[in-house]
Structure formats: structure tokens, C-alpha cells
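Heads up, the thing below is written out as C-alpha cells.
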Amino acid sequence: MSDGGPALYVYGVVRAPDAPQLDSLGVGDRGARLSDVVHGGVAAIVSEVDEGPLAAARDLRAHWRVLEDVAKRTTVVPVRFGTVMAGREELVQEFLAPQADSLAALLGELDGRVQLSIKAFYDEERLLGEVVSGSPAVAQLREKVKGMPEAAGYYERIRLGELVSGEVERCRERDTAAVLARLEPLAVAAKNEDPGTADTAVNATFLVEEERVAEFSKAVGQLTEELGERLRMRYLGPMPPYSFADADMAAGSGSWA
Amino acid sequence: MAVDTQGQSNYLARPQPSGLAEVIDIILDKGLVIDIYVRVSLVGIELLTIDARIVIASVDTYLRFAEAVNRLDLEAKSSSKGLPEMVDDMTSGAAKSKTKGALEGVKEKLTGGDDDDDHDDEDVKQKQKQPRSRSKSSSSGSRSRSRKDDDE
Numbered sequence: 071m072s073d074g075g076p077a078l079y080v081y082g083v084v085r086a087p088d089a090p091q092l093d094s095l096g097v098g099d100r101g102a103r104l105s106d107v108v109h110g111g112v113a114a115i116v117s118e119v120d121e122g123p124l125a126a127a128r129d130l131r132a133h134w135r136v137l138e139d140v141a142k143r144t145t146v147v148p149v150r151f152g153t154v155m156a157g158r159e160e161l162v163q164e165f166l167a168p169q170a171d172s173l174a175a176l177l178g179e180l181d182g183r184v185q186l187s188i189k190a191f192y193d194e195e196r197l198l199g200e201v202v203s204g205s206p207a208v209a210q211l212r213e214k215v216k217g218m219p220e221a222a223g224y225y226e227r228i229r230l231g232e233l234v235s236g237e238v239e240r241c242r243e244r245d246t247a248a249v250l251a252r253l254e255p256l257a258v259a260a261k262n263e264d265p266g267t268a269d270t271a272v273n274a275t276f277l278v279e280e281e282r283v284a285e286f287s288k289a290v291g292q293l294t295e296e297l298g299e300r301l302r303m304r305y306l307g308p309m310p311p312y313s314f315a316d317a318d319m320a321a322g323s324g325s326w327a
Numbered sequence: 021m022a023v024d025t026q027g028q029s030n031y032l033a034r035p036q037p038s039g040l041a042e043v044i045d046i047i048l049d050k051g052l053v054i055d056i057y058v059r060v061s062l063v064g065i066e067l068l069t070i071d072a073r074i075v076i077a078s079v080d081t082y083l084r085f086a087e088a089v090n091r092l093d094l095e096a097k098s099s100s101k102g103l104p105e106m107v108d109d110m111t112s113g114a115a116k117s118k119t120k121g122a123l124e125g126v127k128e129k130l131t132g133g134d135d136d137d138d139h140d141d142e143d144v145k146q147k148q149k150q151p152r153s154r155s156k157s158s159s160s161g162s163r164s165r166s167r168k169d170d171d172e
């Protein structure tokens, strides 16, 4: 099945003429040298990888840094962490050749655009205070549970937690909608990501034209002023377009699972 | 004298280069997926990503503690007027090396070690190049930020 050559770890895909010379080191315990495999108009950024298992944080860090490095120089389609092809031939035959057109189209879509991320977090105490004062049902049940011995109030406490959880979810939806309403019009595309942690209010990623980043940042600044008292905002980027490296970005592209 | 520099700087929001911990879900879960039938399926990749989440998250937790401790330091500093600055430097230096040590312990244990020393130096240099024209409180902010970057 393999052509006998070493397996290749794949970081991302760029246009063939733009494939950069990279000094950063790839995955593996010694940090492999990076190279590229060209086919048609596209090139995959790769490094040779042993059979041995990848190591959690070290290789994730390497993956991250390589893509940051590539994205500084040219447009890149990031490939999912942990992708390894059996060899050079497989990489070309199974991936680059069949996908060359859609990869080129996707690169076109991503040209001159960067990913920015907005995360906002609640102060838990404050949020719960808001929930209690904003929901008579929660306030009522809270009073009731308070007066009960722990064992007797078991189901009431579960019910209370469930109510609170629902209210928190509503807060999250409301805050996310507010942020998206303001920022989505300034972006090419926006995605609402999984909240991740319980105190996350908003977790959204945006694909933004480089020329519009200043305008976008101004809107983020305004939002931060307005919401800053309730939410701790984090504005991250620019980063390679991880969240937008998929088939729906490029119209009419072939499908990949 | 409370000058509202906070509001001003917020208004001119700038995206911050992030530490790995802040974008770990993006790095782990996003990116182009190559068909499972044509790529090599790595043994233990699922476990690996769980590991990575835990390791990076615990590093993040340490950094939060480090920042919190750093803030305490500063409060102590402002209330203990007249102490020679050298003492502060020594204190923060010690705190820093302690944090570093803990972090490296985690890295060594779970990832096999010094993967990013030269990169860290770059980060630090970049930080130092930034103009240090702002007030005392803002320079403390950038100090805690650069410490955070130290390990991400």
C-alpha cells in the first residue's frame, strides 16, 4: 500500500508557487524538518513522521506553530490536527489529485481573509444573581429549597439546577445573538462554536477581509464597552482559517468527509 | 486620580495573539478533514487529543494562578511604599522561576520537554520591543501577559 517512503504528517495546503521555506520544526520528538508535496496547482505542507505515536501537547504545539508560520506568508487551508498519509504517493493520489480543484477554489475563498475569534465569559456570581432576580420561578424555588433539609430537597434541588441551567442557556443565546448581530455584517462568514466551558457566554469565529479588520476591531471595541461590565471579552487572532477550512466555503467543490 | 484610560483602550480593540490554551478547541477540532479511508489512522489519536486538552488546560490553570499571584504581589507593592525596588524584583523573579518550574514539570512529564524554548525567547523579545510608555498599571498588565505567553 505504501510506496516504501516514510509516512507524512500533513499541516495544510497552499498554492504551489507560494509554498514557503519554513524554519519552524514539525511534529515528532526531534521536531521534523518541513517540506512540501506539490501536485497541480497546490502544495501540501508536510513533515516525515515515524510510526511512533504523537505526543499530546508537544505535537499540538508544533502543528499550531507551523500553521501560524505558514499563514504569515501565504493563504493556507489548515488540515485537521493528527492527519497522516501513508506516503508521498498516497498523499498525491488520494488527496491532492482528486481534490486539487476544490482546494484551489477554497484557497481562492480564503485569500486576503483572516480568522478572528470572540470569546466572552460570565462572572458566575453575577450571572446567577441576574438569573435569580430575573426569574420568579427560580427565586421561588430557591426560597423553598433553602428551607429544606438536604436529603428531603434532593429533587427540588435538581429541579432548581435545571431551571437555572435553562436560564443560563437563554442568557447565552441572547448574548451570542447580540454579538453576532453586530459583527456578522462586517465578516465574510461567521460561526457560532460550542461554548466549551460553563462560564462561556459567547464563542464565535469570524472570517474577515484583511482590509476590514480595523473596522471589525472598532465594532469589537464598542461591544466591549457596552458588554464589558457583564462579560469578560477576549478578542483573538488573526489566525489561520481553521474554522473555515471546509467544503461549504467553496461553492461547487467536491465533497470530502 | 482616575483617568479613564481603560475605556479608551477598550474602544480601540485589537485582536490579541492568543496562547494555545485559548484556541485549543479550534486547533484540535477544526481544519480540513481528509477522508478517513485514505489517511493513516493513528493509534490512540482520540486519547491523544483528550490528553492534549488536559495538559494544555492544566497549563492554563497554572497560568491563571500565576497571574492571580502576580496581582497579589502588585497590591502588596503599592501598599508597602518605601521598600527598595530590588526587593520587588527579587520577589517577582522568584515567583516567575517557581511557576516556570511547575510548568516545565508538566511539560516534561506529559510531552517530553523543551519544545519551545527558542520560540519563547522570540516572544519575550517581541514584548520588550513594544513601547513602554504607559502607566505603571498598564506595564504590569503587559508583564503578566508576557508571562502568560511564556508557555504558550
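Order-wise, the sequence lines are chains A and B. Each residue of the first sequence is one higher than the last, beginning at 71 in the working numbering. Each residue of the second sequence is one higher than the last, beginning at 21 in the working numbering. Yeah, the Cβ is synthetic: ideal placement off N, Cα and C, and Gly gets one too.
Contacts that residue i makes with chain A (C-beta to C-beta distance below 7 Å)
{"i": "B/L33", "result": "Note on residue identity: the sequence assigns Ala, not Leu, to residue 33 of chain B. Neighbours of B/A33 on chain A, chain order: S287, V290, G291, T294 and Y305."}
Outcome for residue i when other beta-carbon atoms lying within 10 angstroms are tallied against a minimum of 16
{"i": "B/A41", "result": "buried"}
{"i": "B/T69", "result": "buried"}
{"i": "B/V44", "result": "This sequence places Ile at residue 44 of chain B; Val is not what is there. Buried, since its Cβ has 16 or more Cβ neighbours within 10 Å."}
{"i": "A/D106", "result": "buried"}
{"i": "A/M218", "result": "exposed"}
{"i": "A/T267", "result": "exposed"}
{"i": "A/S235", "result": "exposed"}
{"i": "A/D264", "result": "exposed"}
{"i": "A/E194", "result": "exposed"}
{"i": "A/E280", "result": "exposed"}
{"i": "A/Q91", "result": "exposed"}
{"i": "A/L253", "result": "buried"}
{"i": "B/I47", "result": "buried"}
{"i": "A/P206", "result": "exposed"}
{"i": "A/G182", "result": "exposed"}
{"i": "A/M71", "result": "Since pLDDT at A/M71 reaches only 47, below the 50 mark, its modelled position is unreliable, and the value read off the structure follows with that caveat. That one is exposed."}
{"i": "A/Y224", "result": "exposed"}
{"i": "A/A274", "result": "buried"}
{"i": "A/S187", "result": "buried"}
{"i": "B/R34", "result": "exposed"}
{"i": "A/A135", "result": "Here residue 135 of chain A turns out to be Arg, not Ala, going by the sequence shown. Label assigned to A/R135: buried."}
Nearest-angstrom beta carbon gap, residue j and residue i [assumed within contact, 8 Å]
{"i": "A/T144", "j": "A/V84", "result": "5 Å"}
{"i": "A/A86", "j": "A/A113", "result": "5 Å"}
{"i": "A/V97", "j": "A/A132", "result": "5 Å"}
{"i": "A/D130", "j": "A/Y81", "result": "In the sequence as presented, Asp is not what sits at residue 130 of chain A; that position holds Leu. About 12 Å; that fails the 8 Å criterion."}
{"i": "A/F314", "j": "A/Q185", "result": "6 Å"}
{"i": "A/D245", "j": "A/A271", "result": "5 Å"}
{"i": "A/F276", "j": "A/A257", "result": "4 Å"}
{"i": "A/L78", "j": "A/V119", "result": "7 Å"}
Element boundaries [alpha helix (DSSP H), containing residue i]
{"i": "A/K189", "result": "From DSSP, A/K189 is part of no alpha helix (DSSP H) but of the beta strand (DSSP E) over R183 to Y192."}
{"i": "B/I44", "result": "L40 to D49"}
{"i": "A/S287", "result": "V283 to L297"}
{"i": "A/L250", "result": "Y224 to L253"}
Enclosing beta strand (DSSP E) for residue i [first to last residue]
{"i": "A/F276", "result": "T270 to E279"}
{"i": "A/R302", "result": "L301 to M309"}
{"i": "A/L92", "result": "Here A/L92 belongs to no beta strand (DSSP E), and DSSP marks it neither H nor E."}
{"i": "A/V84", "result": "A77 to R85"}
{"i": "A/V162", "result": "Taken as a continuous stretch (DSSP letters only), A/V162 belongs to no beta strand (DSSP E), as it is neither H nor E."}
{"i": "A/I115", "result": "V112 to V119"}
{"i": "A/L211", "result": "Note, A/L211: premise wrong, no beta strand (DSSP E); alpha helix (DSSP H) at P206 to K216."}
{"i": "A/S105", "result": "L104 to H109"}
{"i": "A/A260", "result": "A259 to N262"}
Partner residues on chain B for residue i, Cβ-Cβ distance less than 8 Å
{"i": "A/H133", "result": "I47"}
{"i": "A/D88", "result": "Here the premise fails: no neighbours, minimum Cβ distance about 17 Å."}
{"i": "A/A315", "result": "K50, G51 and L52"}
Under 9 Å by beta carbon: chain B residues contacting residue i
{"i": "A/L186", "result": "P35"}
{"i": "A/T145", "result": "Chain B residues near A/T145: none, gap ~13 Å exceeds 9 Å."}
{"i": "A/R150", "result": "L48, D49, K50, G51, L52, V53 and I54"}
{"i": "A/Y192", "result": "Here the premise fails: no neighbours, minimum Cβ distance about 16 Å."}
{"i": "A/A156", "result": "V58, R59 and V60"}
{"i": "A/E160", "result": "V58, R59 and V60"}
{"i": "A/E164", "result": "I54, D55, Y57, V58 and R59"}
Within chain B, the residues that residue i reaches when beta carbons sit closer than 7 Å
{"i": "A/P265", "result": "Within chain B, no residue comes near A/P265; the closest Cβ sits about 10 Å away, beyond 7 Å."}
{"i": "A/D93", "result": "Ordered by position in chain B, no residue passes the 7 Å Cβ test against A/D93, which lies about 10 Å from the chain."}
{"i": "A/T270", "result": "What A/T270 touches in chain B: nothing, since even the nearest Cβ is about 10 Å away."}
{"i": "A/P308", "result": "P35"}
{"i": "A/T153", "result": "I54 and R59"}
{"i": "A/A77", "result": "V60"}
{"i": "A/Y312", "result": "I46, I47, K50 and G51"}
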